[in-house]
Structure formats: C-alpha cells, structure tokens
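Novice:
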Amino acid sequence: MSISKKIEELRTEANMTQEELANKLNISPQAVSNWERGENLPDIQNLKLLSKHFSVSVDELVKSDEQLESELKIKKQKKTQNLISFTAMLVSGIILLAFSLFMYLKNDTVSWFTLIVGLFLVIDGSFLVKKYFYQD
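So that you can map any letter, position 16 of the sequence shown is 16 in the UniProt record's numbering, and since no number is skipped, the others follow by simple counting.
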C-alpha cells in the first residue's frame with residue numbers, strides 16, 4: 001500500500017475529514033488532498049506529526065505492507081533461532097552438570113572443567129531464556 005493510501009486510510013479510520021487533519025497538522029487541506037492523491041509527499045516533519053497523531057511509526061507510513069511483513073517474518077525467525085540456541089545452551093549445561101555428578105559418585109573425583117562449564121551454560125542459558133520471554 002502506498003503512503004497516499006495509508007494516509008487516507010488512517011484519516012478515514014479516525015473519522016476525520018481532510019480539513020480536520022489539516023487543522024491538526026497546521027497545513028492546508030489542499031496539502032492533505034495532494035498527499036492522498038499521490039501528487040505530493042509529506043515532508044519529514046509532517047511524517048513525524050502524522051505518525052504521532054495516528055499512533056503509528058514513520059516506518060509504517062513509509063514502507064509498503066510487503067516490506068513490513070518481510071521484516072516481521074525475519075524478526076520472528078531470529079527470535080525462534082535465539083530461543084532454540086538458548087535452550088540448547090541450557091540443556092547442554094544440565095547434561096554437563098549431570099555428567100560431573102555421575103563422575104563424582106562413580107570415582108569420587110570432580111572434573112572441575114565440566115563442572116564450571118556446565119554451571120556457566122546453565123546460568124547463562126537460563127538468563128538468556130528468561131530475557132527472551134520478557135523482551136517486547
């Protein structure tokens with residue numbers, strides 16, 4: 001969807017006339033009309049005012065729906081990959097700690113390296129998983 005269609009759609013969803021929107025932005029109604037017909041584009045100041053007034057980001061106004069959907073899809077894939085990595089880290093740490101415990105019970109010796117690495121993986125993995133679930 002083009003920026004002109006987005007401005008028109010946001011204005012009509014807000015039940016505003018072109019004149020009412022123009023008054024809110026301190027511009028002429030002809031400017032709003034030109035934007036909606038695609039004859040002119042709003043400058044950066046007016047884009048900021050439009051985004052603030054309609055509670056959308058400037059990116060949402062400027063970018064096409066396909067671009068936004070693509071970015072959201074990539075962001076979601078990255079979040080999923082991060083969760084898998086963090087979970088694998090946590091599980092690996094638990095396995096190393098279990099191995100250290102097993103070796104201690106079997107031989108009465110502790111592999112300090114596996115114990116420290118296991119603890120690090122469990123602590124770091126649990127921190128990252130917790131952070132993942134509490135972000136946005």
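Glycine included, every Cβ here is placed at the ideal spot set by N, Cα and C.
Bear in mind the structure is a predicted one, so any value in this text is a computation, not a measurement.
Do the segment 74 to 89 and the segment 44 to 61 make contact, defined as three or more Cβ pairs closer than 8 Å?
Specialist: Per the Cβ contact rule, the segment 74 to 89 is not in contact with the segment 44 to 61 (fewer than 3 Cβ pairs under 8 Å).
Novice: Could you spell out where the alpha helix (DSSP H) holding Ile7 opens and where it closes?
Specialist: 3 to 13
Novice: Please classify Lys48 as buried or exposed, where buried requires at least 16 other C-beta atoms within 10 Å of its C-beta.
Specialist: exposed
Novice: Run through DSSP, which three-state label would Val56 get?
Specialist: coil
Novice: Assuming Met103 and Ser111 are in contact, meaning their beta carbons sit under 8 Å apart, how far apart are those beta carbons, in whole angstroms?
Specialist: Taking the Cβ atoms as the reference, Met103 lies roughly 6 Å from Ser111, within the contact range of under 8 Å.
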